[in-house]
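Going down the list, the sequences are from chains B and P.
Sequence positions in the first sequence follow my numbering and run 6 to 156.
Sequence positions in the second sequence follow my numbering and run 345 to 718.
Step one of this worksheet: look at the structure below.
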Amino acid sequence: MDKVQLGEFAKSLDPEIEIKEGRQFIEVTIPSPKFYQFAKKIRESDETYFDYLSCLTGVDYGHDLGVVYHLFSTKYNHGIVLKTRTTDRENPHLDSVSDIWKTADFHEREAFDLLGIRFTNHPDLRRLFLDSSWGYPLRKDYVDDINIVTK
Amino acid sequence: MEEELKDIALDEQQEYVINMGPQHPSTHGVLRLVVSLKGEIVKNVQPHLGYIHRGIEKMCESITYPQIIHLTDRMDYLSAHINNEAVCLAVEKALDTEIPDRIKVIRTIMSELTRIQSHQLWWASFGMDLGGLTCFFYGLRDREKVLDIFEETCGGRMIVSYNCPGGLMYDIHPNFQKRVKDFIKYFRKIIPEYDQLLSGNVIFMERSKGIGRLSLEDAISYGVTGPSGRASGFSCDVRKHEPYSAYDRVKFNEVLRHDGDTYSRYMVRIDEMRESMNIIEQLIDNIPEGPYAVKMKPIIRLPEGEYYQRVETARGELGVFIISDGNKNPYRVKFRSPNFVNLGALNHISKDFKIADLVAIGGSLDLVIPDIDR
């Protein structure tokens, strides 16, 4: 399916989602409570069959925290970008997709480690690189006077 | 940490827990694996990372795009040139820069040379991990010849930093074509030697056939790409599916095998070296004339938006994801590094094999630790 068809298909799954046509992929923003169900549908549907999660990126948007998923289909060779956000910076919770794509397990641990996003239903959510005394360095409000020199 | 280990060691399963690494010869870097054993059988492998975590993604947020290229060298230092290329392609695509053919062809040749030298080093150390010390000398002897070509043209041997947004840092050395052709001629004769030494060796086959099997479904689900994924039949070669640089004008086969065991992962890499030589042979005599770099603005600002570029490194798919807010620094950069993702499957594929097989399985995934930690 091309970008337009994918957008229409996504809209038919859930009319409330936001769709934006990016330069490379169609970008679909899904409200966080519905994200898991949407991801499961788009993975299992025979028409889209997004079985390969290429990249999972945690992003700090300043006010919100969000996650960007780059998905590809090995059957149809098309790609899509899914996005979801949470406004709660103190205690951000998003649904884990590690039971849909196993590779999400490691990616989510990384996002938890560096951005502090907690993924509910993750099998083993521990910090990956840093120890528990660190803050969350990829957040924009992270302060480290010693190691980060700002001019 | 000691408390933690004690708790696991005395669990009801009567499993014995040992640390493999962080300084272990077969992990090729500072990777610590906490291995739970029942007798000699591996029951659980938990990687502990972060020993060389440098925060490259955070550093990228405060530097400019041409500077980022030099950090990518330090991720997967065996695919340094391909990492550079990924960032350059992302920037060029964002700015809609037209890249002349000469640059595309040189980049492709250099990428394939990088792939060959990376596989040579992998072959050398993989043989050594399994007890064949001769491999190490043979592999490094041949790799040196590629590094000499790099040194002459790029000035660097491993950390080449030869790409810049809009082209290359400098033109190729006048000797470049001749030396590459000499190397191919030499290496075509040498590769059967690799096969004699290791591929057909009975001891080696006993130790690698049927070990660490990864099914096609699991390879896709775990996102295992590169030679390790292709050994399970996962057609994941970005050079084929999303051709970049000059890959759309050369003929080559995507090496696929379907057993998914350690031996398949080994054979895929050996065959890939041959394919890489085919690609170079098609291009080396046809380097078009033209400039070696396009003039870019002194300060590169990407238009606001998101850019995702995938390339095929020697270890799998490297994804560069850039979010730009229109400034000279990116807002967020994420590197989807192949080693990080491939490591995720280690626990799954080494379960119920012996601890000596863990060395073989780890070696066949060809992990480079700085790329995992970033």
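Yeah, the Cβ is synthetic: ideal placement off N, Cα and C, and Gly gets one too.
Check	Outcome
Cutoff 8 angstroms: P/R676 Cβ touching any chain B Cβ	yes
DSSP state of B/I153 mapped onto helix, strand, coil	coil
Partner residues on chain B for P/H414, Cβ-Cβ distance less than 9 angstroms	None at all; the shortest Cβ gap to chain B is about 18 angstroms.
Through-space distance from B/N126 to B/P157, alpha-carbon basis	With chain B running from 6 to 156 in the structure shown, residue 157 of chain B is simply not present.
Rounded straight-line distance, which links the Cα of B/D104 to that of P/I614	34 angstroms
Cβ neighbour criterion (16 or more within 10 Å) applied to B/V9	exposed
Chain-order list of residues whose beta-carbon lies under 6 angstroms from that of P/V677 (same chain, five-residue window excluded)	E401, C404 and I666
contact_flag[the segment 656-666 of chain P, the segment 691-703 of chain P] where n(CB pairs < 8 angstroms) is 3 or more	no
Distance between P/E648 and P/E295 (C-alpha atoms, nearest Å)	Because chain P spans 345 through 718 in this model, residue 295 of chain P falls outside it and cannot be assessed.
Residues near P/R501 in its chain [Cβ-Cβ closer than 6 angstroms; skip 5 each side]	L491, F494 and E495
P/C498, enclosing beta strand (DSSP E) - first and last residue	Looking at the DSSP string, P/C498 is not in any beta strand (DSSP E); the run it does join, the alpha helix (DSSP H), is L477 to C498.
Limits of the beta strand (DSSP E) - the one that B/S59 falls within	Y57 to D65
Rounded C-alpha distance that separates B/S17 from P/N671	37 angstroms
Contact between the segment 415-428 of chain P and the segment 137-154 of chain B (3+ Cβ pairs under 8 angstroms)	no
Min CB distance B/P142 to chain P below 8 angstroms	yes
Chain-ordered residues of the segment 544-561 of chain P with a beta carbon less than 7 angstroms from chain B	none
Best match in P/H368, P/N363 and P/Y395 for proximity to P/L381 [C-alpha to C-alpha]	P/N363
Bounding residues of the alpha helix (DSSP H) (the contiguous stretch that carries P/H692)	L690 to S694
Buried versus exposed, by CB contacts within 10 Å (16 or more), P/H463	buried
Inter-residue spacing [alpha-carbon to alpha-carbon] between B/E113 and P/L542	39 angstroms
Nearest neighbour of P/K525, chosen from P/I716, P/Q626, P/R376 and P/E650 [CA to CA]	P/Q626
Start-to-end residues for the alpha helix (DSSP H) that takes in P/G471	D445 to D473
Under 7 angstroms from the C-beta of B/H83: neighbouring residues of chain P	Here the premise fails: no neighbours, minimum Cβ distance about 11 angstroms.
C-beta atoms of P/Y636 and P/G511 nearer than 8 angstroms	yes
Residues sharing a beta bridge with P/S668, DSSP	P/G649
Contacts that B/F111 makes with chain P (C-beta to C-beta distance below 8 angstroms)	F684, V685, L687 and G688
Strand pairing of P/N363, partner residues [DSSP]	P/V378
Residue span of the alpha helix (DSSP H) that contains P/N428, given as start and end	A424 to L439
Neighbouring residues, chain B, relative to P/S565 (Cβ below 9 angstroms)	D56, Y57, L58, I105, W106, K107 and T108
The segment 476-490 of chain P / the segment 553-563 of chain P touching (three or more Cβ pairs under 8 angstroms)	no
Buried versus exposed call for P/Q461 [16 or more other C-beta atoms within 10 Å across all chains shown]	buried
Per-residue DSSP class, three states only, for B/Y74	strand
Inter-residue spacing [alpha-carbon to alpha-carbon] between P/A563 and P/V612	15 angstroms
Under 8 angstroms by beta carbon: chain P residues contacting B/V72	Per Cβ cutoff of 8 angstroms: no residues; B/V72 is ~11 angstroms from chain P at best.
Contiguous beta strand (DSSP E) assignments of at least 3 residues, all confined to the segment 565-652 of chain P	none
heavy atom of the ligand GDP below 7 angstroms from P/E405 C-beta	Summarising the ligand content, the structure contains no ligands, and the ligand GDP is consequently not present.
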